[in-house]
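What follows is a set of notes on a single structure, which appears directly below.
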Amino acid sequence: MTAMPKFTLSRRKFLVSTAAVGGGLALGLRLPFGPEVARAADGSPEITVWVAINPDNTTIIRAVRAEMGQGTITGLAQLIAEELDCDWNKVTIEYPTPGQSVARKRAWGEFSTGGSRGVRQSHEYVRKGGAAARMMLVQAAANEWKVPASECTAANSVITHKASGRKATYGKVAEAAARLDQPKDVPLKDPKTWKIAGKPLKRLDTAKKVNGTMEYGMDLKMPGMLNAAVKDCPVFGGKVKSFDAARISGMRGVKKVVQVGDSGVAVIADTWWNAKTALEQLPVVWDEGPNAKVSSADIAEVLKEGLDAEQAFVGNKAGGDVKAALAGAAKKVEAVYSYPYQNHACMEPMNATVRWTADRCEMWGPTQNGEGAFAQVLEASGLPADKVDVHNVMLGGGFGRRGTYPNDYVTQAVLIGKPIPGTAVKMIWSREEDMAHGRYHPVMQCKLSGGLDASGNLTGLHMRLSGQSILAAVRPEVVQAQKGRDPLTFQGVFESGEHSLTYTVPNLLVDHAMRNPHVPPGFWRGVNINQNAVFIESFMDELAEAGGQDPLEFRRKLLGNSPRALGVLNAVAEKIGWSKPAPAGVYRGLAQMKAFDSFVAAACEISVKDGNKVKVHRIVAATDPGYAVNPAQIERQVAGSFVYGLSALFFQECTVKDGRIEQTNFHNYNSMRIAQMPKVETILMPTGGPVWGGIGEPTICVAAPAVLNAYAKATGKRIRSVPLKNHGIELV
Amino acid sequence: MRLNINGKNHEVDVDPTTPLLWVIREQVGLTGTKYGCGVAQCGACTVHLNGLPVRSCSVPVSVAGGAKITTIEGLSSGKTLHKVQKAWLDHDVPQCGYCQSGMIMAVAALLKTNPKPTDADIDAAITNICRCGTFQQVREAIHMAAKATA
């Protein structure tokens, strides 16, 4: 195991590829040198799959990763445009569908947009797509001029033959270029020479977001469209026993009441408001199933047992014998931490619009994984791959919630739309439904045992995780391949790979007692680094304190083998002024982590009034992602990470009572407001190298431990469970 | 009943208890105003009612009859962007953008009554939720808009 799973073995993916083969599709396959040229929606010839050029010289860049605010589409377009040498002011974006990609042997590769992979795992092939297109455009011009291509240059969508002074726009030679064979050897530019990539350019999609014209899934309009409100059994694992449709059939706008799978009911009406109003009046009897009595306390008990269980999966083991090291330590420190269920709470609740016809089923809606959604439509509809498609739209937030999960909103929408072919049905979840049927940040407890020598140096560390595996529920084949272990559980503290532990500890054991309650888990922005960073980075401060050492110095000593981690940590320490005293009444804390192949650190300054009112004044955050494709957007992702991360730390917990989630809306699942927003100072320090790191997620995880460490300094109280509202602590 | 939205009259046939938000979105067809919570917590549905910001998810449409309703689509006059929209564009504020219609409407209302708000004024007046976390850019853009003359 050298890297975290990339889910290449997923059942869904398999389904997609077999569907493609089984369907015997050869639609749109481009024949090199042949007369057929693939075209963009507006008819522009496709040069490579990533680039089509309109005769008016507009560059149409293709994107298949999902845009949910993280800026990935702008970043990918910058990379393509950079290699293409096109006019950035004439770039537009087009989204090929998964159906088109499947029909062309997955010409656009991976659609899934999670794990901060958008840029870092497609940068090479999209850049090559841009560079190859440029080479073909230049070749086409050279052919026309009967000069060697090597004598021609390209810039700003114009090809120039210097010796003769001839010029041609990309638009002019695009048809000829599209008929050329793609070059095999496609060299890429040295990032040091970048003019479009690497620059703090504006996003491509802002104009529509300031005047209300950006269309989200929620906003789709189709002729004759109906709307559906849905309610799934509030107890996970429960089923519909019966419902009395007659009771609401006469209500305003109601067209149809349908059962959705075995666990849901939906009302289809002219408007969503009428559907929702009727659904609230629909009498439903549930079979709540075996989980009907489960509570948070029951779940906590199960996890607690795992803290000392014999059997556990090993995620990281180094040095000799951790037990012996702890037994022989001059000082032993032990602490138990816990992290709750949390909902993503995307601003736009889950929704999907489906239209069935006699032999086709199409879905329009927000998804982080077009191909995953495609496979779900395929499965739920039972239709072959050439009769199904998915059309992605702008996501009103994703954060991992709009990945592909079993029996989720896409499947529901397909089932709801089936009884009324020819009519598009837009299914929208209420916020309450969204809170009740999340794919929650998993629960985890952690017992940490550390040993110090007489000088306060760390000699041994045992980190025992006990709690829920996401992959066991969502990608069981990955867990099976690991003989029951979920490697993702160890994000940030793993033995190797993109989420490896940065510290070198003489005797180390990180292991996981897997305990899987009935609440469905999901990938929640940052995923398992959130709790692992709280656990290990809080405990590092506990160890430092027990050994009478400064938390920064204590960490530095353990980071000798991780110069990039040391780099970001030193950067935040210097900028926050760690070596100088903080202003009166102000206390500092820091944290660092490696995740998604990026190194991140944060240092914060807080004050505490009346022992419980916390003001976070300032956060300095450093990121080393290897390469920075758009520094301005990275800065925004970093600042936003503290809103997501601190909201989670202070306010957010989904509690379980009678088998269901108790929180229903933002009044009991709060999110930070502008008044609570600290000033975030971002240090972007890419150090290059062979590996590109992610941006959207890593920084979130250092928010909480940095503040927890500062809080301990301010009050002398170490808080070991999230959220802080449970301790009577407020964010002001 | 008759609604005046962005200077245009619309006849709608709805239950008078229907929230203004859903009348704007589903009857009038203006979808720039967003549904986020339905309980006046998040502010994604903010519109102006006679110039004042309201959370339209929690205003029954019956209250809005006869009032002058402005939505994000009607904030700018003609092709000239409202100064808040312009600041948002210049400063690249939105991330996913879903909450931004409401955010912009709330800020536009603030600047109308308080053209040069302090940070404390902003903290008190702007209580919209943004899950992407654009607050730092929102604050900076409010100050930019306050400096703009238009």
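Line by line, the protein sequences are chains A and B.
Just so you know, the working numbering puts the end of the first sequence at 2130, numbered straight through with nothing missing.
Just so you know, the working numbering puts the end of the second sequence at 204, numbered straight through with nothing missing.
Backbone N, C-alpha and C define an ideal beta-carbon position, used for all residues, glycine too.
N-terminal and C-terminal residue of the beta strand (DSSP E) that residue i is part of
i                : result
L1988 of chain A : 1985-1993
T1490 of chain A : 1489-1492
T1558 of chain A : 1556-1559
S2138 of chain A : Residue 2138 of chain A cannot be examined here, being either before or after the span of chain A that is shown, 1399 to 2130.
Y152 of chain B  : Segment: none, Y152 of chain B is in no beta strand (DSSP E) and carries neither H nor E.
K2007 of chain A : 1996-2007
Q1498 of chain A : No beta strand (DSSP E) contains Q1498 of chain A, which is instead part of the alpha helix (DSSP H) from 1496-1501.
Q1843 of chain A : 1842-1850
Residue-chain proximity (residue i, chain A), Cβ-Cβ < 7 angstroms
i               : result
E127 of chain B : yes
E80 of chain B  : yes
G110 of chain B : Reading off the sequence, residue 110 of chain B comes out as Ser, not Gly. It does not: the Cβ of S110 of chain B has no partner Cβ on chain A nearer than 7 angstroms.
R107 of chain B : Here residue 107 of chain B turns out to be Pro, not Arg, going by the sequence shown. It does not: the Cβ of P107 of chain B has no partner Cβ on chain A nearer than 7 angstroms.
G97 of chain B  : no
T172 of chain B : no
P148 of chain B : yes
S116 of chain B : no
D175 of chain B : no
I183 of chain B : yes
L164 of chain B : no
G187 of chain B : yes
S131 of chain B : no
L143 of chain B : yes
Proximity test, Cβ basis, 7 angstroms: residue i and chain B
i                : result
K1587 of chain A : no
T2113 of chain A : no
M1466 of chain A : yes
R2016 of chain A : no
A1921 of chain A : Note that residue 1921 of chain A is Phe in the sequence shown, not Ala. It does not; no Cβ of chain B falls within 7 angstroms.
G1975 of chain A : no
H2065 of chain A : yes
CA nearest to the CA of residue i, picked from the options
i                : options                            : result
T1751 of chain A : A:N1959, A:T1809, A:A1438, A:Q1657 : A:T1809
T1446 of chain A : A:A1531, A:H1860, A:E1508          : A:A1531
A1725 of chain A : A:R1799, A:G1849, A:D1660, A:A2110 : A:G1849
C91 of chain B   : B:P148, B:K133, B:C99              : B:C99
R1986 of chain A : A:A1969, A:C1759, A:E1972, A:I2004 : A:I2004
T1457 of chain A : A:G1815, A:N1554, A:Q1468          : A:N1554
I1646 of chain A : A:C1631, A:D1660, A:L1677          : A:L1677
R193 of chain B  : A:V1656, A:A1690, A:A2037          : A:A2037
A1690 of chain A : A:S1736, A:D2056, A:F2048, A:H2065 : A:D2056
F1772 of chain A : A:L1886, A:N1672, A:E2128, A:V1462 : A:V1462
D69 of chain B   : A:T2021, A:C1844, A:M1649          : A:M1649
F2048 of chain A : A:L2129, A:R1753, A:V2054          : A:L2129
H2015 of chain A : A:R2034, A:T2021, A:L2044, A:A1999 : A:L2044
A1664 of chain A : A:P1817, A:L1599, A:A1595          : A:P1817
G1569 of chain A : A:K1526, A:G1441, A:K1607          : A:G1441
V1700 of chain A : A:A1723, A:G1528, A:C1844, A:S2039 : A:C1844
R79 of chain B   : B:W142, B:I59, B:Q95, B:C96        : B:I59
T203 of chain B  : B:Y89, B:K140, B:A118              : B:K140
F2040 of chain A : A:K2077, A:G1975, A:L1680, A:W1762 : A:K2077
Three-state secondary structure assigned by DSSP to residue i
i                : result
K1411 of chain A : Reliability fails at K1411 of chain A, whose pLDDT of 38 lies under 50, so the model's placement of it is uncertain and the value that follows must be treated cautiously. Reduced to three states, the DSSP call for K1411 of chain A is helix.
W1762 of chain A : strand
S1647 of chain A : coil
L165 of chain B  : helix
Y1901 of chain A : coil
V1536 of chain A : helix
S116 of chain B  : helix
P2133 of chain A : Residue 2133 of chain A is absent from the model: chain A starts at 1399 and stops at 2130.
M1748 of chain A : coil
M198 of chain B  : helix
D146 of chain B  : coil
G1426 of chain A : Caution applies to G1426 of chain A, whose pLDDT of 36 falls short of 50 and renders its modelled position unreliable; the value that the coordinates give is listed next. Reduced to three states, the DSSP call for G1426 of chain A is coil.
Delimiting residues of the alpha helix (DSSP H) encompassing residue i
i                : result
D1832 of chain A : 1829-1834
C1550 of chain A : Where C1550 of chain A is concerned, there is no enclosing alpha helix (DSSP H), although the beta strand (DSSP E) it sits in stretches over 1550-1553.
G1569 of chain A : 1568-1576
R2034 of chain A : 2029-2048
V1608 of chain A : 1605-1608
Q1929 of chain A : 1927-1944
Whole-number beta carbon distance between residue j and residue i, since they are thought to touch under 8 angstroms
i                : j                : result
G1528 of chain A : V1449 of chain A : 6 angstroms
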